[in-house]
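First the structure, in the form of structure tokens, and then the observations on it.
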């Protein structure tokens, strides 16, 4: 209907920007005792808006950080009526970035990194969510087997999920780009690494947090690379995982990528 749904930090209400520029809001403050349920990814699907919530300690408390107080959740809202209709619980903590459609109606995946700088947890990783609540949320892969906290995820198909993971060095968060088969059981994935930060080869001098932005075309995987002095978009074959010639950037390092259909 021409409305823009916006998640925001440090406030308990979610704004909807209407076509005339005026605002509606939906109050979510009661979902967290501190009044701020830490909104993140938003998806409008089949007449409802879905907002990922992280439940982190408040910024003005000694506990402030990314150690979530409880597992994450997704709040469902009837879009036209602005009416909340209930929480969908996640397995993992602190969901970030997009709620990613899988191609199956009403089913999404979401990255749940928990503590970016904390120990790797079997509870966090990548979750698959049925937005109609018909099935309980399930974990597709844990960050322990992916060897890092999941920062971004994209769905390539029933045997193909890509992710950017962070770790294992707190404060540096060296990144890798991995792919796994979501049909395999949790803990038994054959995880392939497509790219890794220079830090892994040179922990003293190599840049660590360099990958940000992940997208798929019909044949290719695209990854933003922030290596200082050499920012670019990495390109890989989806069929083989082979690295193809990269795309240099001219306006700075990319933070987010979106592949548009031809």
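Residue numbers (the numbering used here): 19 to 280. Ideal Cβ positions, reconstructed from N, Cα and C, are used throughout, including at glycine.
Is residue 196 closer than 7 Å to residue 209 when the C-beta atoms are compared?
yes
Neighbourhood of residue 177 by C-beta, 8 Å cutoff - its chain only, sequence neighbours within 5 removed
199, 200, 201
Can you name, in chain order, every residue of its own chain whose Cβ lies under 8 Å from the Cβ of residue 227, other than the five neighbours on each side?
184, 190, 191, 192, 193, 215, 244
Assign residue 167 to buried or exposed, taking buried as 16 or more other Cβ atoms, counted over all protein chains shown, within 10 Å of its Cβ.
buried
Report the residue from 91, 48, 152 whose alpha carbon sits nearest the alpha carbon of residue 111.
With distances taken between Cα atoms, residue 111 lies closest to 91.
What are the partner residues of residue 107, as DSSP defines its beta bridges?
91
Excluding the five sequence neighbours on either side, which residues of its own chain have a C-beta within less than 7 Å of the C-beta of residue 97, listed in chain order?
62, 65, 66, 67
Where residue 156 falls: helix, strand or coil (DSSP):
Taken through DSSP and simplified to helix, strand or coil, residue 156 comes out as strand.
Looking only at its chain, what residues have a beta carbon closer than 7 Å to the beta carbon of residue 107, apart from the 5 residues adjacent to it on each side?
Excluding sequence neighbours, residue 107 sits near 89, 91, 155.
By Cβ distance, which residues of its chain are closer than 6 Å to residue 150, with the 5 residues on each side in sequence left out?
124
Please classify residue 8: is it buried, with 16 or more other beta-carbons within 10 angstroms of its beta-carbon, or exposed?
Lying before the first or after the last residue shown, residue 8 is absent from the chain, which here runs from 19 to 280.
Identify every residue that forms a DSSP beta bridge with residue 292.
In this structure the chain extends from 19 to 280, so residue 292 is not present and cannot be described.
Inter-residue CB distance, residue 240 and residue 253 (contact presumed, cutoff 8 Å)
6 Å
Could you check the C-alpha separation between residue 43 and residue 120 for me, to the nearest Å?
Approximately 29 Å, taken between the alpha carbons.
For residue 29, the first and last residue of its enclosing beta strand (DSSP E):
No beta strand (DSSP E) holds residue 29; DSSP gives it neither H nor E.
Same chain, Cβ closer than 7 Å to residue 206, neighbours up to 5 away in sequence not counted
Excluding residues up to 5 positions away in sequence, nothing lies with its Cβ nearer than 7 Å to the Cβ of residue 206 in the same chain.
Go ahead and pull the three-state DSSP assignment for residue 273.
DSSP places residue 273 in coil when its eight states are reduced to three.
Could you please give me the residues that DSSP links to residue 63 through a beta bridge?
66
Could you tell me if residue 114 is buried or exposed, where buried requires 16 or more neighbouring beta carbons within 10 angstroms of its beta carbon?
The residue in question, residue 114, is buried, as its Cβ has 16 or more Cβ neighbours within 10 Å.
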